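**Student:** Structure below; questions to follow.
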Amino acid sequence: MRHIRTIIDKEWAEVFKNRMVIMTMALLPLLFTAIPLLMLAFTGDGSQSANLPAQNSGLPEGFLTACEGMNANECMQVYLLNQSMLMFMMMPLMIPTTIAAYSIVGEKTTRSLEPLLATPITTLELLAGKSLAAFIPGVLITYGAYAIFLIGTHFLKISAAVRAYLLSPVWFLGILLLGPLLAIIGTMFAIFISSRVSDPRVAEQLSGLVILPLMLVLGVVLAGKLVIDLWFMVISIIVCALVAYALLHLGTIVFDRENILTKWK
Amino acid sequence: MIKTQNISKTFRIGKKGQTELKAVQNLNLEVEKGEVFGFLGPNGAGKTTTVRMLTALIRPSTGQAQIAGYELGKQDTEIRRNVGILTESPGMYERLSAEKNLTIFANLYDVPDVPQAVNKYLSMLGLWERRYDAVGSFSKGMRQKLAVARALIHEPQILFLDEPTTGLDPEAAKTVRDFIEELKTQGRTIFMTTHNLDEAERLCDRVGIFRQELLSLDTPANLRKQLFGRKVVFHLREVNPIWTEEISKLDGISHVEIVENKLVVSMQDPEQSNPIIIKYLVGVGAQILFVGELRHSLEQIYLEMVKTSQGGS
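In order, the protein sequences belong to chains A and B. Here the first sequence is numbered in our numbering, starting from 116 and rising by one per residue. Here the second sequence is numbered in our numbering, starting from -11 and rising by one per residue.
Structural data, given as structure tokens:
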């Protein structure tokens, strides 16, 4: 554990001196928390404009199944909250990716990897330290941002139906379970890329690709072809858990000290 | 302390790894406890690859080695725990302070009293005043000193120094060299690669001249003798060519030549032959101004060896 703690400590000491990473870690949660709050604030109290049924909201037909018993305004808010939720899901993917993308390639470019690998640290300890250093801030920031979002909704006039949707298990499962799994995927993917390229910028750009599947889901949700319900969430959690496990396993296999030291130029 | 048996390293290069690059071939080496061993060779000779193999950073393709009593390939973690390495490039964490850099490595090497070890080496290498400064603000020499401190922080049994003074200004290089000399007096086993032949001559008990394979291995003095024999120069007021014939007939003399007013005599044992030659010269009326041994620098030996190996390959 001492080696893992040391790597985490070292990573954080370096990361928190990097303005770009700090900016990403501060701006993303700020933006992704403010957007749904502003959206709820500007769309007003749904329960007071209950004259129009959800069918008249102009939203894609496929989405209306999620609006049972809601009026048009409430349905619109739930539709927008669906997208906000996906934005919350992006946080645990993007923050660790930003940190982890630099972790190995950064050591290569500063030539600090060789002395580091010359210590008695095992590959598993090194990967665990580097992954946790990226994973922990990603998950904590997501949890924090979500807590702030929930507190913020208390100061807004939201109908009981919309509030019930917000506090449904779908959201909690998404934030508490799917979030960390996405963080593991993002971290491992970024470390994998980082150990294979020689330029930190390339590592960051390639690692950013991990967000593409989520963007695809966002597109499908926007088109009204997909409603994020409990089933979707449970299936997503199972799939992501399998992918995360595979990546964790693959990480220790593909991290070949010798190749990384001798074939990176 | 270090014992290798036919270790070799072959890299597969090219897009599909079709080309084989033999970096090290059949290296047999023994370095004793407390010895300072110099590993000399031109760029691309395989010196860094050898250091990386002996510090368990990369695996040998074939062969066996014992480092500090541990089997390479089977007890790599123990080897890493018992050796210190100064890599070719210092590779420090530039944004972090000198103290933080050393603390990280002390923890990774499981040093029991980290602050004590860190303070000891910061003071010893004259970095105490700058301990809280980011390493990025350090000069090359200071970084190298810090890298030496990092290599020693866990008090390793064997210290590997990969070109410890390359790229340093003369003053910084001298500081590092002086420190290596100090380590030598402490009885540490040191394996150093270098291009600086004067440095190797000054610091090393034995040197190995290497170019993919070991070309020669001995003390600098023996290598000199082996390659060039020993030559003594007799500086005279005047030289009579007849003397060369007479001197060459003496026991243990292999060659005599005249260079200006000097007699250059190749011999096996100057301590035995010099008094006889001096007695002869005085007897024939020669005026001896002074006598001295012609010393070939390690550089000449090194170049000769490398030239021979290139000619042979």
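C-beta atoms are modelled at their ideal positions from N, C-alpha and C, and glycine is treated no differently. Owing to the predicted nature of the structure, the values given are computational and were not obtained by experimental measurement.
#1: I'd like to know whether the C-beta atoms of threonine 173 (chain B) and methionine -11 (chain B) end up nearer to each other than 7 angstroms.
#2: Counting C-beta neighbours from all protein chains within 10 Å, is the total for histidine 142 (chain B) 16 or more, i.e. buried, or is it exposed?
#3: Span of the alpha helix (DSSP H) holding alanine 318 (chain A)?
#4: Could you compute how far the alpha carbon of methionine 255 (chain B) sits from the alpha carbon of valine 227 (chain B)?
#5: Note down the Cα distance separating tyrosine 81 (chain B) from serine 227 (chain A), rounded to an integer number of angstroms.
#6: So that I know if they touch, is there some Cβ in chain B lying closer than 7 angstroms to that of arginine 226 (chain A)?
#7: Which first and last residues belong to the beta strand (DSSP E) in which phenylalanine 278 (chain B) is found?
#8: Could you tell me whether the Cβ of alanine 262 (chain A) comes closer than 7 angstroms to any Cβ of chain B?
#9: Around the C-beta of serine -4 (chain B), are 16 or more other C-beta atoms found within 10 angstroms, so that it is buried, or is it exposed?
#10: If you check the beta carbons only, do lysine 267 (chain B) and histidine 223 (chain B) fall under 7 angstroms apart?
#11: Once you ignore the five residues that flank tryptophan 379 (chain A) on each side, which residues in its own chain have a CB closer than 7 angstroms to its CB?
#12: Does glutamate 319 (chain A) come within less than 7 angstroms of chain B when only Cβ atoms are used?
#13: Out of curiosity, what's the CA-to-CA distance linking proline 144 (chain A) and methionine 205 (chain A)?
#14: Which residues in the same chain as glutamate 66 (chain B) place their Cβ atom closer than 7 angstroms to its Cβ, once the five residues preceding and following it in sequence are excluded?
#15: From the beta carbon of tyrosine 58 (chain B), is the nearest beta carbon of chain A less than 7 angstroms away?
#16: Quick check: the Cα distance between glycine 161 (chain A) and leucine 271 (chain A), rounded to an integer number of angstroms?
#17: Can you list, in chain order, the residues of its chain with a C-beta nearer than 7 angstroms to that of arginine 372 (chain A)? Leave out the 5 residues immediately preceding and following it.
#18: Would glutamate 183 (chain A) count as contacting chain B if we go by Cβ distances under 7 angstroms?
#19: Do you know how far the Cα of glutamate 176 (chain A) is from the Cα of glycine 221 (chain A)?
#20: Going by the DSSP bridge assignment, what does histidine 223 (chain B) pair with across the sheet?
#21: Please determine, among B:Gln13, B:Gly114, B:Thr(-8), the residue with the shortest C-alpha to C-alpha distance to threonine -2 (chain B).
#22: With a threshold of 16 other CB atoms inside 10 Å of the CB of proline 284 (chain A), please say whether the residue is buried or exposed.
#23: Determine the contact status of glycine 109 (chain A) and proline 207 (chain A), defining contact as a CB-CB distance below 7 angstroms.
#24: Please say whether glycine 301 (chain A) and valine 325 (chain A) have beta carbons closer to each other than 7 angstroms?
#25: Measure the beta-carbon distance from valine 254 (chain A) to glutamine 192 (chain A) and round it to whole angstroms, keeping in mind my assumption that it falls under 8 angstroms.
#26: What are the boundary residues of the alpha helix (DSSP H) that includes glutamine 192 (chain A)?
#27: For leucine 288 (chain A) and glutamine 198 (chain A), what's the separation of their Cα atoms in angstroms?
#28: Within its chain, find whatever has a CB closer than 8 angstroms to the CB of glutamate 76 (chain B); leave out the 5 residues flanking it on each side and keep chain order.
#29: If we define contact as Cβ-Cβ less than 7 angstroms, is isoleucine 236 (chain A) a contact residue for chain B?
#30: Kindly confirm or deny that the stretch 146 to 161 of chain A and the stretch 257 to 264 of chain A touch, where touching means at least three C-beta pairs closer than 8 angstroms.
#31: Our contact map puts isoleucine 308 (chain A) next to alanine 298 (chain A) with C-beta atoms below 8 angstroms; I'd like the distance itself, whole angstroms only.
#32: Applying a beta-carbon distance threshold of less than 9 angstroms, which residues of chain A neighbour glycine 79 (chain B)?
#33: Roughly how many angstroms lie between the CA atoms of glutamate 101 (chain B) and serine 218 (chain A), to the nearest whole one?
#34: I'd like to know if the stretch 13 to 22 of chain B and the stretch 188 to 204 of chain B are in contact, where contact means that at least 3 CB-CB pairs between them fall below 8 angstroms.
#35: Touch check for the stretch 239 to 247 of chain A and the stretch 101 to 120 of chain B: three-plus C-beta pairs under 8 angstroms?
#36: DSSP three-state call for lysine -3 (chain B): helix, strand or coil?
**Tutor:** This is what the structure gives:
#1: Along the second sequence, read from residue 1 onward, the residue named residue 173 (chain B) stands at position 185. Along the second sequence, read from residue 1 onward, the residue named residue -11 (chain B) stands at position 1. The answer is no: Cβ separation not under 7 angstroms.
#2: Within the second sequence, numbered from 1, the residue matching residue 142 (chain B) stands at position 154. Histidine 142 (chain B) comes out buried.
#3: Position 203 of the first sequence, counted from the first residue, corresponds to residue 318 (chain A). Looking at the DSSP string, the run of the alpha helix (DSSP H) that includes alanine 318 (chain A) is 315 to 322.
#4: The sequence position of residue 255 (chain B) within the second sequence is 267, counting from 1. The sequence position of residue 227 (chain B) within the second sequence is 239, counting from 1. If I take the Cα positions, the gap works out to 19 angstroms.
#5: Translated into the one-based positions of the second sequence, residue 81 (chain B) becomes position 93. Translated into the one-based positions of the first sequence, residue 227 (chain A) becomes position 112. Using only the alpha carbons, I get a separation of about 7 angstroms.
#6: Position 111 of the first sequence, counted from the start, is the residue given in the question as residue 226 (chain A). Taking Cβ atoms only, chain B reaches closer than 7 angstroms to arginine 226 (chain A), which makes this a yes.
#7: By one-based count along the second sequence, residue 278 (chain B) stands at place 290. First-last of the beta strand (DSSP E) with phenylalanine 278 (chain B): 276 to 282.
#8: Here residue 262 (chain A) is taken as the residue at index 147 of the first sequence, counted from 1. No, alanine 262 (chain A) does not count as interfacial toward chain B.
#9: Residue numbering aside, residue -4 (chain B) sits at position 8 when the second sequence is read from its first letter. So serine -4 (chain B) ends up on the buried side.
#10: What you label residue 267 (chain B) is simply residue 279 of the second sequence in a count that begins at 1. What you label residue 223 (chain B) is simply residue 235 of the second sequence in a count that begins at 1. Not a contact, by the Cβ cut-off of 7 angstroms.
#11: Indexing the first sequence from 1 puts residue 379 (chain A) at position 264. With a pLDDT of 48 at tryptophan 379 (chain A), under the threshold of 50, the modelled position of this residue cannot be trusted; read the value that follows with caution. Hits under 7 angstroms: Lys223, Ser313.
#12: Mapped onto the first sequence, residue 319 (chain A) falls at position 204. It does not; no Cβ of chain B falls within 7 angstroms.
#13: As a working mapping, residue 144 (chain A) is identified with position 29 in the first sequence. As a working mapping, residue 205 (chain A) is identified with position 90 in the first sequence. Spanning the two alpha carbons is a distance of roughly 10 angstroms.
#14: Taking the second sequence and counting its residues from 1, the one referred to as residue 66 (chain B) is at position 78. Here the set comprises Tyr58.
#15: Your numbering for residue 58 (chain B) matches position 70 in the second sequence. Not one chain A Cβ lies under 7 angstroms of tyrosine 58 (chain B).
#16: To locate residue 161 (chain A), count along the first sequence from 1; it is residue 46. To locate residue 271 (chain A), count along the first sequence from 1; it is residue 156. At glycine 161 (chain A), the pLDDT of 49 sits below 50, so the modelled position is not reliable and the matter cannot be decided from this model.
#17: Your numbering for residue 372 (chain A) matches position 257 in the first sequence. Once the five neighbours on either side are set aside, the close Cβ partners of arginine 372 (chain A) are Leu232, Thr238.
#18: Counted from its first residue, the first sequence places residue 183 (chain A) at position 68. Chain B, which has no Cβ nearer than 7 angstroms to the Cβ of glutamate 183 (chain A), makes this no.
#19: Stepping through the first sequence from its first residue, residue 221 (chain A) is reached at position 106. Stepping through the first sequence from its first residue, residue 176 (chain A) is reached at position 61. Distance between glycine 221 (chain A) and glutamate 176 (chain A), taken at the CA atoms: about 49 angstroms.
#20: Numbered from its first residue, the second sequence carries residue 223 (chain B) at position 235. Note: histidine 223 (chain B) sits in a beta bridge opposite B:Lys250, B:Phe278.
#21: Translated into positions along the second sequence, residue -2 (chain B) becomes position 10. Checking every option, the nearest Cα to that of threonine -2 (chain B) belongs to B:Gln13.
#22: On the first sequence, residue 284 (chain A) is found 169 positions in, with the first residue counted as 1. Counting Cβ neighbours within 10 Å, proline 284 (chain A) comes out exposed, since fewer than 16 surround it.
#23: No answer is possible for residue 109 (chain A): it lies beyond the span of chain A, which begins at 116 and ends at 380.
#24: As a working mapping, residue 325 (chain A) is identified with position 210 in the first sequence. As a working mapping, residue 301 (chain A) is identified with position 186 in the first sequence. A contact, by the Cβ cut-off of 7 angstroms.
#25: If you number the first sequence from 1, residue 254 (chain A) lands on position 139. If you number the first sequence from 1, residue 192 (chain A) lands on position 77. Rounded, the Cβ-Cβ distance is 27 angstroms, inconsistent with contact.
#26: Position 77 of the first sequence, counted from the start, is the residue given in the question as residue 192 (chain A). That run of the alpha helix (DSSP H) goes 187 to 224.
#27: Counting from 1 along the first sequence, the entry for residue 288 (chain A) is found at position 173. Counting from 1 along the first sequence, the entry for residue 198 (chain A) is found at position 83. Computed Cα separation, rounded: 16 angstroms.
#28: Taking the first residue of the second sequence as 1, we reach residue 76 (chain B) at position 88. Scanning its chain for C-beta atoms nearer than 8 angstroms, with the 5 sequence neighbours on each side dropped, one finds around glutamate 76 (chain B) the residues Thr36, Asp150, Glu151, Thr154, in chain order.
#29: Residue 236 (chain A) sits at position 121 when you count from the first residue of the first sequence. Using a CB distance cut-off of 7 angstroms, isoleucine 236 (chain A) counts as an interface residue toward chain B.
#30: Counting Cβ pairs under 8 angstroms, three or more are found: they touch.
#31: Taking the first sequence and counting its residues from 1, the one referred to as residue 308 (chain A) is at position 193. Taking the first sequence and counting its residues from 1, the one referred to as residue 298 (chain A) is at position 183. The Cβ separation is near 16 angstroms, so there is no contact.
#32: Start at 1 with the first residue of the second sequence, and residue 79 (chain B) comes out as number 91. Here the neighbours are Glu222, Thr225, Arg226, Ser227, Leu228, Glu229, Pro230, Leu231.
#33: Position 113 of the second sequence, counted from the start, is the residue given in the question as residue 101 (chain B). Position 103 of the first sequence, counted from the start, is the residue given in the question as residue 218 (chain A). The sequence as given places aspartate at residue 101 (chain B); glutamate does not occur at that position. The C-alpha of serine 218 (chain A) is placed about 28 angstroms away from the C-alpha of aspartate 101 (chain B).
#34: yes
#35: no
#36: Within the second sequence, numbered from 1, the residue matching residue -3 (chain B) stands at position 9. Here lysine -3 (chain B) sits in strand by DSSP.
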